[in-house]
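Sequential numbering of the sequence shown, starting at 3, is according to full-length UniProt numbering.
Don't be surprised by glycine CBs; every beta carbon is placed ideally from N, CA and C.
Small disclaimer: the values here were computed from a predicted structure and weren't measured.
The structure under discussion appears below in the form of structure tokens.
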Amino acid sequence: RIAYVNGRYVPHGEACVHVEDRGFQFADGVYEVCEIWDGYIVDMTRHLDRLARSLNELQMDWPVERRAMESILRETARRNRVKKGLVYLQVTRGVARRDFAFPKTPIPATLVVTARSVPPGNAVKIGEEGIAVVTTPDIRWERVDIKTVALLPQVLAKQKAVRAGAKEAWMYDKDGFITEGASSNAWIVNQDGTLVTRPAERGILRGITRAAIMDFAAAHDIKVEERPFTIDEAKAAREAFITSATMTATPVVKIDETPIGNGAPGSVVSELRARFHEGVE
Ligand code: PDD
3 RIAYVNGRYV PHGEACVHVE DRGFQFADGV YEVCEIWDGY IVDMTRHLDR
53 LARSLNELQM DWPVERRAME SILRETARRN RVKKGLVYLQ VTRGVARRDF
103 AFPKTPIPAT LVVTARSVPP GNAVKIGEEG IAVVTTPDIR WERVDIKTVA
153 LLPQVLAKQK AVRAGAKEAW MYDKDGFITE GASSNAWIVN QDGTLVTRPA
203 ERGILRGITR AAIMDFAAAH DIKVEERPFT IDEAKAAREA FITSATMTAT
253 PVVKIDETPI GNGAPGSVVS ELRARFHEGV E
């Protein structure tokens, strides 16, 4: 495997950043994960638009020009021969003596890109079986709309899920409304077939897959309601699912100990999942 680190393509095992990198010391950085499908980077424009926003919110510049970033993503995928899989990019503020405030003199940002194949068999099995999720309080900061590498609350949430034999954790706010998954957006399907998901204000990350599902819904006369929903409403829903670049649309068949619907993937999410890659090019 090959990784891109600050202008160089290097063997993955030797790909390193400095001990004083601000990403390492302060989680002072942002990232994106894009799906690769048939060799194409899915929704790259939207991912790079979101990256631009994240960088801007942290008062960081693009580490390379946007065009160059596109080339690096494609080249990293190509060098790793990824036809179906993921490309990961991370930008940190760079390397400087440890000091909380930004370095006074400008320093070059750190840019790292990796890519890997994901065996297609996994996706088939997950689509057929669905996943279980557990609920856990959302203990994150208020700027979860920025895709930063400060992910410790999500790490702990995901570990709680894994310990319970589940694949994702759904976090809930102090009023008992679901915010989102540890690394995905959360959806339910009403009894009348309407998709319900939380509005993308500051309480969640504005998922790119979420936007793609909304486009699909609009084009196929599927109703979408953007509003918060509670754990109880989710448990009583006809269907539930998550969306992310790594999971497309994935059926949720159990929340905590409660089976959703008849405990098997529902027809709405199964259709969304089956047709997700229509028109990817
Ligand atoms: N996570 N919400 C959170 C908190 C996320 O971390 C993610 C993505 C999403 C879904 O966004 P998108 O559809 O753009 O992937 C929502 C990525 C996949 C990750 O951290 O691995």
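- Annotation for Arg212 indicates a beta carbon within 8 Å of some heavy atom of the ligand PDD.
- Around Lys86, the same chain offers Ile38, Trp39, Asp40, Ser119, Val120, Pro122 as residues with beta carbons nearer than 8 Å, after the five sequence neighbours per side are excluded.
- Shortest gap from the CB of Lys149 to any heavy atom of the ligand PDD: under 8 Å.
- By alpha-carbon distance to Gln92, the top candidate from Met62, Glu182, Thr196 is Met62.
- For Pro13, the three-state secondary structure derived from DSSP is strand.
- As a beta-bridge residue in DSSP terms, Leu91 pairs with Glu34, Val115.
- When DSSP assignments are scanned along the segment 182-206, the uninterrupted stretches of beta strand (DSSP E) that are 3 or more residues long and fall wholly within it turn out to be 187-191, 197-199.
- Distances from the CB of Ala168 to the heavy atoms of the ligand PDD are all 8 Å or more.
- Counting along the chain, the unbroken alpha helix (DSSP H) around Thr78 starts and ends at 68-81.
- Remark: C-beta atoms of Asn187 and Glu227 do not approach each other more closely than 9 Å.
- Rounded to whole angstroms, the Cβ separation of Pro139 and Tyr174 is 6 Å, and the two are in contact under 8 Å.
- If you draw a straight line from the Cα of Glu280 to the Cα of Ala54, it is about 27 Å long.
- Under the three-state reduction of DSSP, Val7 is assigned to strand.
- Looking at the DSSP output, Val97 bridges to Asp23.
- Per DSSP, reduced to three states, the secondary structure at Lys86 is coil, with no helix or strand assignment.
- Of the heavy atoms belonging to the ligand PDD, at least one sits nearer than 8 Å to the Cβ of Val35.
- For Ser272, DSSP assigns no beta-bridge partner whatsoever.
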